[in-house]
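> First the structure, then my questions, so here it is.
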Ligand SMILES: *[C@@H]1O[C@H](CO)[C@@H](O)[C@H](O)[C@H]1NC(C)=O
Ligand SMILES: *[C@@H]1O[C@H](CO)[C@@H](O)[C@H](O)[C@H]1NC(C)=O
Ligand SMILES: *[C@@H]1O[C@H](CO)[C@@H](O)[C@H](O)[C@H]1NC(C)=O
Ligand SMILES: *[C@@H]1O[C@H](CO)[C@@H](O)[C@H](O)[C@H]1NC(C)=O
Ligand SMILES: *[C@@H]1O[C@H](CO)[C@@H](O)[C@H](O)[C@H]1NC(C)=O
Ligand SMILES: *[C@@H]1O[C@H](CO)[C@@H](O)[C@H](O)[C@H]1NC(C)=O
Ligand SMILES: *[C@@H]1O[C@H](CO)[C@@H](O)[C@H](O)[C@H]1NC(C)=O
Ligand SMILES: *[C@@H]1O[C@H](CO)[C@@H](O)[C@H](O)[C@H]1NC(C)=O
Ligand SMILES: *[C@@H]1O[C@H](CO)[C@@H](O)[C@H](O)[C@H]1NC(C)=O
Ligand SMILES: *[C@@H]1O[C@H](CO)[C@@H](O)[C@H](O)[C@H]1NC(C)=O
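Numbering (the working numbering), first residue to last: 28 to 460.
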């Protein structure tokens, strides 16, 4: 099977409302960090700040300015917060790193006598299907193993709760409504008539959103988030493609970056205004942003690791998300033609839900994968006209890749991607042969 992708898409089957600014309520994915913002910019001499968690109002962090005391009680509640709390000594804001589902709950911030509440929901990341390539499939699992005689199952999508698929067992009717919503689901829906699970094939960012599964009177929610994943080597340029070919008279386009959703570029066609805010965020984007005035696509030149992260493009009311990975570590290895070479993953351990991928060349073609979640090891040696055929050996313990009987056709960059949870956490190496 030939697989060539310029872009990878990361899908996560989970609620994701990481809209940075945390007012009262926020949802994050397991493993993410979240900051609960005190709203203070500085503390006064007699301030006493206390963070409490849960039904029992357990104190988890405290600042007493008079006493010059900053305390994090991360041993409470069976140590669920251990090594995960960061209290900002300037603002009193609390950051919870590497969140777990049992951090879900209410947080109460008391600043002297004033009380502020925050609701945090940490979503469990589903063990499957949260990581697929653009064009790949994702299955939303009903959780049923079979259907009962009088079951009625309905899948709905989006803000308008549009019905996209339905099973009425009594009537013996299975229906997929893939013409709705401008046909964005056309020929992409598969409804399992045994379990009611829904598969969306060849996904695009248009399929991101809320899915509701109604089984008789029970409701189950899914949030499907589609990221376009872009890889770039440090100092290279990368273009984040809006997908537009031209702009309409009343279009408003906005690019935002990072956890705080800082606006970095904007086009308001009505106002005939194109603005690049490259002074924000300590000037890390200064002189590096190019906004295409025809398409709204954004180019970042001379990238550094500071540019890695999430980009959000808002075109009127539509949102498209990008995750940019900046490769900062490149190792070079050389090999004589005909010899073998081992590309060492340097992974010390593999976790049960890791997905490890080796990609080759400018197009980031997938050539080998270990998917611990699906318990699958695959070598794609038919790609690229078979230049790797019978020459790849993937070590299933270490993730290292060996290329045997090398030729000049094997010159190029090898990228090792390690996906842990839903996030791609690092690119370990890129090799130039
Ligand atoms: C803060 O520290 C001061 C000085 O140690 C102490 O008098 C005061 O009671 C403390 N406040 C609280 C709320 O613990
Ligand atoms: C506040 O935090 C900064 C950096 O984390 C540290 O350098 C500084 O000493 C801290 N100040 C106090 C009063 O703890
Ligand atoms: C399911 O089909 C049966 C038989 O045709 C019908 O009576 C019932 O109203 C249907 N249920 C729903 C929710 O459409
Ligand atoms: C369920 O799907 C299978 C395979 O897609 C098909 O063979 C079978 O006829 C279907 N059953 C019903 C009741 O539609
Ligand atoms: C996937 O969707 C794209 C448009 O989004 C289309 O161009 C492409 O042909 C589709 N691929 C398959 C295999 O259906
Ligand atoms: C775009 O510009 C028009 C005209 O100046 C203005 O009325 C409108 O509010 C602007 N839209 C946004 C989202 O800034
Ligand atoms: C759009 O960009 C091109 C080339 O960068 C420039 O020549 C043109 O004047 C720009 N148009 C507007 C409306 O800014
Ligand atoms: C790229 O950025 C680095 C600093 O990050 C700077 O030293 C270098 O001069 C820049 N190169 C170009 C071509 O702008
Ligand atoms: C890992 O590789 C060893 C030796 O190549 C093999 O015996 C074993 O079955 C492999 N394990 C898996 C899960 O493929
Ligand atoms: C190495 O590859 C060449 C073609 O590139 C082939 O002719 C030769 O038989 C291969 N050698 C081995 C030992 O597989």
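Quick reminder that beta carbons are idealized off the backbone N, C-alpha and C, glycines included.
In this text the structure is predicted, and so the values were computed from the model without any measurement.
(1) Using DSSP with H/G/I as helix, E/B as strand and the rest coil, what is residue 440?
(2) Among 84, 97 and 92, which residue has its Cα nearest to the Cα of residue 103?
(3) Just confirm the distance between the C-beta atoms of residue 372 and residue 429, as a whole number of angstroms; I'd bet it's less than 8 Å.
(4) In whole angstroms, what is the alpha-carbon distance linking residue 407 and residue 365?
(5) Taking contact to mean 3 or more Cβ pairs, one atom from each stretch, closer than 8 Å, check whether the stretch 215 to 224 and the stretch 172 to 187 are in contact.
(6) Below 8 Å on the Cβ atoms is my contact criterion, and I expect residue 301 with residue 318 to pass it. Report the Cβ-Cβ distance as a whole number of Å.
(7) With burial defined as no fewer than 16 other Cβ atoms inside 10 Å of the residue's Cβ, what is the status of residue 434: buried or exposed?
(8) From the DSSP output, read off the bridge partner residues of residue 143.
(9) Residues around ligand 3, please: the condition is that the C-beta lies closer than 6 Å to some non-hydrogen atom of it.
(10) Specify, as a first and last residue, the run of the alpha helix (DSSP H) that residue 208 falls within.
(11) With DSSP collapsed to three states, give me the class of residue 267.
(12) I need the boundaries of the alpha helix (DSSP H) containing residue 411, first residue and last residue.
(13) Excluding the 5 residues flanking residue 137 on each side, which residues of the same chain have their C-beta closer than 6 Å to its C-beta?
(14) Which word fits residue 94, buried or exposed, when buried means at least 16 other C-beta atoms lie within 10 angstroms of its C-beta?
(15) Within the chosen definition, does the stretch 251 to 266 reach the stretch 275 to 286 through at least 3 CB pairs nearer than 8 Å?
(16) State yes or no: is the C-beta of residue 425 nearer than 7 Å to some heavy atom of ligand 1?
(17) Spatial neighbours of residue 297 within its chain, please: CB distance less than 6 Å, with the 5 preceding and 5 following residues excluded, ordered by chain position.
(18) Do three or more CB pairs link the stretch 409 to 419 to the stretch 338 to 350 at distances below 8 Å?
(19) With a threshold of 8 Å, are at least 3 pairs of Cβ atoms found where one atom belongs to the stretch 382 to 391 and the other to the stretch 327 to 342?
(20) Under 8 Å, do residue 316 and residue 291 count as touching if we go by C-beta distance?
(21) Work out the CA separation of residue 69 and residue 97 for me, nearest whole Å.
(22) Mind checking which residues open and close the alpha helix (DSSP H) that includes residue 357?
(23) Spatial neighbours of residue 333 within its chain, please: C-beta separation below 6 Å, excluding the five flanking residues on both sides.
(24) Hey, would you say residue 382 sits closer than 8 Å to residue 363, going by beta carbons?
(25) Along the chain, where does the beta strand (DSSP E) that runs through residue 106 open and close?
(26) Can residue 63 and residue 134 be called in contact, C-beta distance under 8 Å?
(27) Alpha carbon to alpha carbon, how far is residue 232 from residue 180? Give it in angstroms, no decimals.
(28) Give the secondary structure of residue 362 by DSSP, where H, G and I count as helix, E and B as strand, and everything else as coil.
(29) Ligand 6 heavy atoms versus the CB of residue 295: any closer than 7 Å?
(30) Keeping to the same chain, check which residues put their C-beta closer than 6 Å to that of residue 22; ignore five residues upstream and five downstream.
(31) When DSSP builds the beta bridges, which residues end up paired with residue 196?
(32) Under 6 Å from any heavy atom of ligand 10, by CB: list those residues in chain order, please.
(33) According to DSSP, simplified to helix, strand and coil, what is residue 308?
(34) My understanding is that residue 240 touches residue 166, with C-beta atoms under 8 Å, so please give their C-beta distance in whole angstroms.
(35) Taking only three categories from DSSP, how would you classify residue 396?
Result, derived from the coordinates:
(1) strand
(2) 84
(3) Not really, about 11 Å apart at Cβ, beyond 8 Å.
(4) 21 Å
(5) yes
(6) 6 Å
(7) exposed
(8) 136
(9) 179, 195, 197 and 198
(10) 207 to 210
(11) strand
(12) 410 to 413
(13) 77
(14) exposed
(15) no
(16) no
(17) 277
(18) no
(19) no
(20) yes
(21) 14 Å
(22) Taken as a continuous stretch (DSSP letters only), residue 357 belongs to no alpha helix (DSSP H), as it is neither H nor E.
(23) 311
(24) no
(25) Here residue 106 belongs to no beta strand (DSSP E); instead the alpha helix (DSSP H) covers 103 to 106.
(26) yes
(27) 25 Å
(28) coil
(29) yes
(30) There is no way to answer for residue 22, as the model of the chain reaches only from 28 to 460.
(31) DSSP lists no partner for residue 196.
(32) 432 and 434
(33) helix
(34) Actually they are not in contact, since the Cβ atoms of residue 240 and residue 166 sit about 12 Å apart, beyond 8 Å.
(35) strand
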